[in-house]
Amino acid sequence: MKKYKSLWIWLFAIVFTLAIAVYQKMTGPTYPVTGKVVINKNEIKYRLPRTSDSQTGEQIKIQVADTKVKGTFTYKRFKSNDTLTNIAMTRDGEYLVATVPPQPAAGKVQYKITLESGSDKNVLSDDWVVMRYKGAVPLYILLPHILLMFMAMLFSSRTGLEALFKGFSTYRYSFVTLVTLFFGGAILGPIVQKYAFDAYWTGWPFGHDLTDNKTLVALIFWGIAFFKLSKNKYDRKWAIIAALVLLAVYMVPHSVLGSEIDYTQVK
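Here it is in structure tokens:
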């Protein structure tokens, strides 16, 4: 009976962690803006990227088979005193194409795309789309980072449930949680950021990067939980608190308040 109970708890922790991972991906400021508009009674679907590591500029392609439809790409650097620039999109077969001008790492460009045919006119997305440029991160660094952060959330959830149901593996699971969070967030996290934005750490006390700060908070709470459990394996309340803290951390969209260039202060 205990075996089946543990299995159900693991299944719940896995499904819960996957749901949080999907939420993180879809709510982050780098997730593409998608939607559809109607021009000349034809439905046009679009996907507007918000992150790129291209050194030649990110290409945007909108599938528009109707050659009567024209597109205008409007942009300026984000947080700048630039005037808006309008560029006619080029046609490549069934696609209208525009290229977001490249920027250095942490540079951003805000843009809109307008499609029109005669008097029929539609802007893709009500708000400005903000593209953030970053440096390319090697997969041998990025993939272990993602895997370890996923495992940290999984074992955090499992540890919290183990503590809630007064299981005997709370201390052991808390150790795995702390190790995966440490190596994924405190070791590989800064390395990923160095490749992407040329800085190892931009959180407290050097900056306000929310990703760095929330990783630090989660590590502190899991460090406390592990220390308390090492003294008394039945002192489970800190494991529950740490699990709730990490959950709250993961509910904050990834990359919010991340590195960015203020073009009003630099040329």
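The sequence shown lines up with residues 43 to 309 when you count with this note's numbering. Cβ atoms here follow ideal geometry from the backbone N, Cα and C, with glycine treated the same way.
- When DSSP reads this structure, S94 sits in a beta bridge with Y175.
- Inter-residue distance for E100 and S94 is about 6 Å (C-alpha atoms, whole angstroms).
- One Cα belongs to Y88, the other to L166, and the distance between them is close to 8 Å.
- Here the alpha carbon of G160 sits roughly 33 Å from the alpha carbon of T72.
- Straight-line spacing of the CA atoms in I56 and T114 works out to 45 Å.
- For the pair L157 and P232, the Cα-to-Cα distance works out to about 41 Å.
- Residue environment for S199: buried (at least 16 other C-beta atoms within 10 angstroms of its C-beta).
- In the DSSP assignment, L138 falls within the unbroken beta strand (DSSP E) covering Y137 to V142.
- Between the segment 186 to 199 and the segment 134 to 152 there are fewer than three inter-stretch CB-CB distances shorter than 8 Å, so the stretches are not counted as touching.
- Note: G113 is bridge-paired with L157 in the DSSP secondary-structure output.
- At least 7 Å separates the beta-carbon of V106 from that of V179.
- Boundaries cannot be given for E302, as no alpha helix (DSSP H) includes it and DSSP labels it neither H nor E.
- Residue pairing for I262: DSSP places it in no beta bridge.
- Assigned with DSSP and collapsed to three states, A228 falls in helix.
- In this structure, the straight-line span from the alpha carbon of W170 to that of K154 is close to 6 Å.
- Bridge partners of K87 according to DSSP: K78.
- Check the Cα spacing between F217 and each of M68, A130, Q145 and F263: the tightest is with F263.
- Note that the C-beta distance between L196 and F268 is not below 7 Å.
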